[in-house]
Amino acid sequence: MSARILDGKLIASRVKEEVVAAVAGLDYTPGLATVLVGDDPASHSYVRGKRRDAEQVGIGLFHHELSNTVEQGVLESLIDELNADDDVDGILVQLPLPDGLDAGAIVERIDPLKDVDGLHPFNLGLLALSRPGLRPCTPSGIMRILSEYDIAVSGVKVVVVGRSFLVGRPLALILSEKGVDATVTVAHSRTRDLVAETADADIVVAAVGSPRLITAEHVKPGATVIDVGVSRTDDGLVGDVDFESVVEVAGAITPVPGGVGPMTRAMLLVNTLKAAEGRRG
Ligand code: NAP
Numbered sequence: 001m002s003a004r005i006l007d008g009k010l011i012a013s014r015v016k017e018e019v020v021a022a023v024a025g026l027d028y029t030p031g032l033a034t035v036l037v038g039d040d041p042a043s044h045s046y047v048r049g050k051r052r053d054a055e056q057v058g059i060g061l062f063h064h065e066l067s068n069t070v071e072q073g074v075l076e077s078l079i080d081e082l083n084a085d086d087d088v089d090g091i092l093v094q095l096p097l098p099d100g101l102d103a104g105a106i107v108e109r110i111d112p113l114k115d116v117d118g119l120h121p122f123n124l125g126l127l128a129l130s131r132p133g134l135r136p137c138t139p140s141g142i143m144r145i146l147s148e149y150d151i152a153v154s155g156v157k158v159v160v161v162g163r164s165f166l167v168g169r170p171l172a173l174i175l176s177e178k179g180v181d182a183t184v185t186v187a188h189s190r191t192r193d194l195v196a197e198t199a200d201a202d203i204v205v206a207a208v209g210s211p212r213l214i215t216a217e218h219v220k221p222g223a224t225v226i227d228v229g230v231s232r233t234d235d236g237l238v239g240d241v242d243f244e245s246v247v248e249v250a251g252a253i254t255p256v257p258g259g260v261g262p263m264t265r266a267m268l269l270v271n272t273l274k275a276a277e278g279r280r281g
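First residue of the sequence shown? That's 1 in the working numbering, and the numbers climb one at a time after it.
Given below as structure tokens:
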């Protein structure tokens, strides 16, 4: 039997409609500043997509492009300007930054109230405390996919493969919150036996960046598989999940592309709206 496909593109379009309706009810235009440093084609493509989305939902855009030789101080001054600009509600610095720039220091310089990526230590701290704040987009997008498809999370065993601050760790925090109530295992490159961890999980989330790492043997029949990974290969964009084999075993699965990616982008719009409402009341 073939798994149900969890259509991230479809859910993302629903989320966008909600944002359009919410923006239409405001007496100001929420503003998103995008900061793109260097000439990495993937980063350019991601930022183009994010700007297109923002335009579609009526969010105002402030775009800044800097060369890959820009000095840390210049980038920090730009962040200071954006922090002080009342028309800017959200600041997105596209990561990774070119070598030689301290991404951590840049993220920490962003006003936490404008941190629409939810990666500032202040916001990650609020998340760790289960308090409201701006939360990272990819984990939020995954939670929305699960909820839209009525996939039970409470009490179930979830294995999150990957422990980055961008995806794996914040997702594990959200899933294990009181009220969400999953039983969460976080696997990583030092996990001794990955199959043993994932094979009895009700939900497997793969956020590794290793093409087709998760195969049918990792997945319990009927389990839900969320593929976060995106690797550019000769075959095009490939996820962390071996879709062809896993789709035959899993109960539900996100495709790559068209699964988690569009939801990450949609949640950036939600966070920009949230930041605007938070700042402007
Ligand atoms: P990352 O910072 O490189 O983290 C990768 C994680 O995978 C690390 O925790 C690493 O363990 C773990 N890992 C590596 N090899 C492993 C293995 N063989 N078995 C188990 N765990 C292993 O990556 P990231 O930023 O989280 O991104 C992960 C992937 O998701 C990438 O492909 C990225 O492009 C993609 N991504 C997609 C979206 C989207 O919207 N679709 C958003 C964000 C990221 P250690 O900690 O031990 O090194």
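Cβ atoms here follow ideal geometry from the backbone N, Cα and C, with glycine treated the same way.
Remark: the shortest separation between the CB of Gly-73 and any heavy atom of the ligand NAP does not fall under 8 Å. In the DSSP assignment, Lys-157 forms a beta bridge with Thr-183. In the DSSP annotation of this structure, Asp-86 is not part of any alpha helix (DSSP H), being labelled neither H nor E.
Using a 10 angstroms sphere on the CB of Tyr-28, the tally of other CB atoms stays under 16, which defines it as exposed.
Secondary structure at Phe-165: coil, using DSSP grouped into helix, strand and coil. Val-184 sits away from Val-167, with the two beta carbons spaced by 9 Å or more.
Using a cutoff of 8 Å, the CB of Leu-213 counts as near the ligand NAP, since one of the ligand's heavy atoms is closer than that. Approximately 11 Å separates the beta-carbon atoms of Val-205 and Ile-174; this is outside 8 Å, ruling out the contact. Here the alpha carbon of Ser-2 sits roughly 19 Å from the alpha carbon of Ile-145. For Val-23, the enclosing alpha helix (DSSP H) stretches over residues 8 to 24. In the three-state DSSP reduction, Arg-51 falls in the helix class (H, G or I).
Taking 9 Å as the cut-off, the beta carbon of Gly-38 is found no closer than this to the beta carbon of Asp-85. Cβ contact annotation for Val-238 (same chain, cutoff 7 Å, sequence separation greater than five): Pro-211, Arg-212, Ser-231 and Val-256, in chain order. Under DSSP, Ala-206 forms a beta bridge with Val-161 and Asp-227. In its chain, beyond the 5 residues on either side, Thr-183, Ala-201 and Asp-202 have a beta carbon closer than 6 Å to the beta carbon of Lys-157. Residue pairing of Ile-5 in beta bridges, as defined by DSSP: Ile-253. In the displayed model, Leu-213 falls within coil according to three-state DSSP, outside both helix and strand. Ranked by Cα distance from Asp-99, the first of Gln-72, Asp-87 and Asp-89 is Gln-72. Note on geometry: alpha-carbon atoms of Gln-56 and Tyr-46 lie some 16 Å from one another. Remark: the C-beta of Met-143 is outside contact range of the ligand NAP, defined as less than 8 Å to any heavy atom.
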